[in-house]
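As structure tokens, the structure follows; a few thoughts come after it.
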Amino acid sequence: MNTITTAARTATHDTPAAASVRQTGFVHDTATVFVRESRPLVRDPFSVMFSLVQPLIFLGLFGPLLVGAAGGDVAGTLQWFVPGILVMVALFGTASTGANLLFEMQTGSHERTLVAPVSRSALLIGRALKEVVPLVIQGTIVVVVAVPFGFRLDVPGLVAGLAILAVFGIGFGALSYTLALACRNRDWMFWMVHQTLLFPLMILSGMLLPLEDGPAWMRVAAAVNPLSYLVGAERALLAGDFGAPVVLGGLIAAAVTCAIGIVVGVRAMRRAR
Amino acid sequence: MTNSTNTNQMITARGLSKTFHSKGQRVEAVAAVDLSVGEGELVAFLGPNGAGKSTTLRMLTTLLPPTSGEATVAGCDIRRDPAGVRRRIGYVGQGSSGGHTQRVRDELHAQGMFYGLGRRESRARATELIESLELGQVANRQVQSLSGGQKRRLDIALGLIHRPELLFLDEPSTGLDPHSRANLWEHIVDLRRETGTTIFLTTHYLDEADQLAERVMVMDHGSVIADDTARALKSSLAGDRVTLTLGSATDAAAAAARIGGEVAGVGGVGGVGDLVVTATADDGARALPRWIRELSDAGIDVVAATHREPTLDDVFLALTGRSLRDEAATPTPAAA
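One line per chain: the protein sequences are R and X, in this order. Just so it is clear: in the first sequence, position 250 is 250 by my numbering, and no numbers are missing. Take the position in the second sequence, starting the count at 1, then add 273; the result is the number in my numbering.
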């Protein structure tokens, strides 16, 4: 195609050969978006701490209260509590990631990528895949912080647990981007929906306090909350129990979130102007 | 009229329209626009905020599907082959197009990859553009730390990464201080001289359109209402402005009546103040002494007299009855 356009130029212009613009595929585009999105993190690794502050506060300030209230030992409580914090990391980190896209939509940076010959699906999926990077780093930090206090680390369990969380994070990140695309210039609406959903999702997952003692309606709400399955799966996996039925439940919850997030997100990105 | 007739067409649009629906109201942002831009031309799209300039540009750059009409941009149909259009054009939108937490060089590199240049060529182009757009000092800094002028130069660099044959610039110098504006324009003029890139830009800076563009298209209320060189537009639509100051209100009234009624070559008379008469003339420099002589013969003494060449604002005023300067000062929210 470039040969045609070059030939079409009039001889009066001393045009340097056009850059070799090549048609790119979905995988190439997704990789480019992924690399671009990951770069600020590589350049400034400390920024990974930003969304880790809240989970660490919960671990440090809520954990001791939990120990006191339950009357158990620290190690046992951590064994129950840390997997929940891992899910919290996945939730907090990915839920607000749409704000980056929202900002890029407002500045014009996103518009620039829409004019480039980049696959629309790649613009979403590359961004969503990037969520895995901070999530895995943050999850690992949380576990490492808990170990000196008596948390027993099962490495294969942690790897499997982080893998499930990564799948969930891709989907939840995609949903956050979808919300950003739907809100466009109204960032107050993004944050309103974000705040309205985040804490109910967190509390109704049983990650902070067990829901077994809660009222029936809460247990019903927890049953339809994918996060409660994730929390269950993480507790089993981090204890090294790969065979527990809750692991399958968590895997399905993560996979379903991922599938819905990608489908809805890609549709929203294709319609985006 | 223009020199585009015997060269290849870079942009042709026929009946291009865009209708928005907002709060039950139908807003025709762009109404059946026909336009053509030849290869190598520098065309300015001038008009007040909300005239439909950006909407037209967004349709031509595949950002917005037209409600009706068709257009071919850089040889590709905007509806049937948007990907082909995107590969061939460069686009610099109104906003700042670098990601705020990205470094300048990284962003240029990623842009090259978006256009399929490959790693090595992307890196080489990034280095070239950093040099030619004087971004060397800030190449490793985050976009958010750049000044307005530096950000705009980065935007231009991003738009040029793949050496497009056609570059769209939407309000490229809006919000820049005069020094940065002049600097940006130097870069654009250099680019054009060196590569012959076709440039299609929107602006509401009259002086920019006047000095830099070979052709000016004036848009208002969604339609192109004039399309010619700035010189031709000014001489055919506006005429020179002549201002006479008289000694008394009676003399001013008499002079106005006389110029309006009897003197040849007068485009129109409009009083500014009690003692001042303004008029338009085809050739102000020649009209002025003749008018003064004729008025003097009639016993009317002219105290002071000036004439100036028309501006594109006078053209807009002649076409619409409104001044573009007033329009620009009060932006309408309808612009999409």
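Just so it is clear, CB atoms sit at the ideal spot from N, CA and C, and this is done for glycine as well. The model shown is predicted, which means the values in this text are computed figures rather than measured ones.
Cβ neighbour criterion (16 or more within 10 Å) applied to residue i
i, result
"ILE125/R", "buried"
"GLU37/R", "buried"
"LEU390/X", "buried"
"LEU61/R", "exposed"
"VAL144/R", "exposed"
"MET192/R", "exposed"
"TRP217/R", "exposed"
"GLU104/R", "buried"
"PHE46/R", "exposed"
"GLY288/X", "exposed"
"THR107/R", "buried"
"ALA268/R", "buried"
"ASP547/X", "exposed"
"PRO321/X", "buried"
"GLY385/X", "buried"
"PRO55/R", "buried"
"MET207/R", "buried"
Residue range of the unbroken alpha helix (DSSP H) whose run includes residue i
i, result
"GLY126/R", "120-130"
"GLN79/R", "74-95"
"ALA163/R", "155-183"
"ASP483/X", "479-485"
"ILE351/X", "Counting along the chain, ILE351/X falls outside any alpha helix (DSSP H), and DSSP gives it neither H nor E."
"VAL193/R", "187-203"
"PRO55/R", "53-57"
"ARG504/X", "503-506"
"ALA221/R", "216-223"
"GLY285/R", "Past the edges of chain R, shown from 1 to 273, lies residue 285/R, and the structure says nothing about it."
Limits of the beta strand (DSSP E) - the one that residue i falls within
i, result
"THR516/X", "513-519"
"ILE573/X", "It is not in any beta strand (DSSP E) - ILE573/X carries neither H nor E in the DSSP assignment."
"LEU315/X", "315-319"
"ARG287/X", "282-295"
"LEU474/X", "471-476"
"VAL365/X", "362-365"
Cα-Cα separation between residue i and residue j, rounded to whole angstroms
i, j, result
"ARG120/R", "GLY68/R", "51 angstroms"
"LEU201/R", "VAL132/R", "20 angstroms"
"VAL115/R", "THR178/R", "20 angstroms"
"GLY150/R", "ALA75/R", "5 angstroms"
"VAL136/R", "GLY93/R", "11 angstroms"
"ARG393/X", "ASP29/R", "17 angstroms"
"PHE387/X", "VAL377/X", "15 angstroms"
"SER623/X", "PRO445/X", "Absent from the structure is residue 623/X, since the part of chain X shown begins at 274 and ends at 609."
"LEU433/X", "LEU590/X", "36 angstroms"
"THR97/R", "ALA486/X", "43 angstroms"
"GLY409/X", "ARG271/R", "37 angstroms"
"ARG353/X", "THR345/X", "10 angstroms"
"ARG360/X", "ARG425/X", "22 angstroms"
"LEU65/R", "ASN100/R", "35 angstroms"
"ASP187/R", "GLY84/R", "29 angstroms"
"PHE58/R", "VAL87/R", "12 angstroms"
"ASP241/R", "CYS258/R", "24 angstroms"
"ASP307/X", "LEU336/X", "19 angstroms"
"ARG488/X", "THR24/R", "36 angstroms"
"GLY372/X", "GLY249/R", "39 angstroms"
"ALA11/R", "GLY323/X", "Any answer about ALA11/R is weak, because its pLDDT of 36 lies below 50 and its placement is not dependable; what the coordinates show is given next. Approximately 39 angstroms between the Cα atoms of the pair."
"TYR364/X", "LEU427/X", "12 angstroms"
Three-state class that DSSP yields for residue i in the structure shown
i, result
"MET490/X", "strand"
"THR113/R", "helix"
"LYS326/X", "helix"
"PHE242/R", "coil"
"GLN298/X", "strand"
"VAL549/X", "strand"
"PHE151/R", "coil"
"THR32/R", "helix"
"THR579/X", "strand"
"SER496/X", "strand"
"GLU343/X", "strand"
"ALA99/R", "helix"
"ASP586/X", "helix"
"ASP524/X", "helix"
"SER38/R", "helix"
"VAL21/R", "coil"
"LEU568/X", "helix"
"GLY206/R", "coil"
"LEU337/X", "coil"
**Prompt:** Residue ranges of each alpha helix (DSSP H) run of no fewer than 4 residues wholly in the segment 374-461 of chain X, ordered along the chain?
**Reply:** 377-387, 392-405 and 421-433
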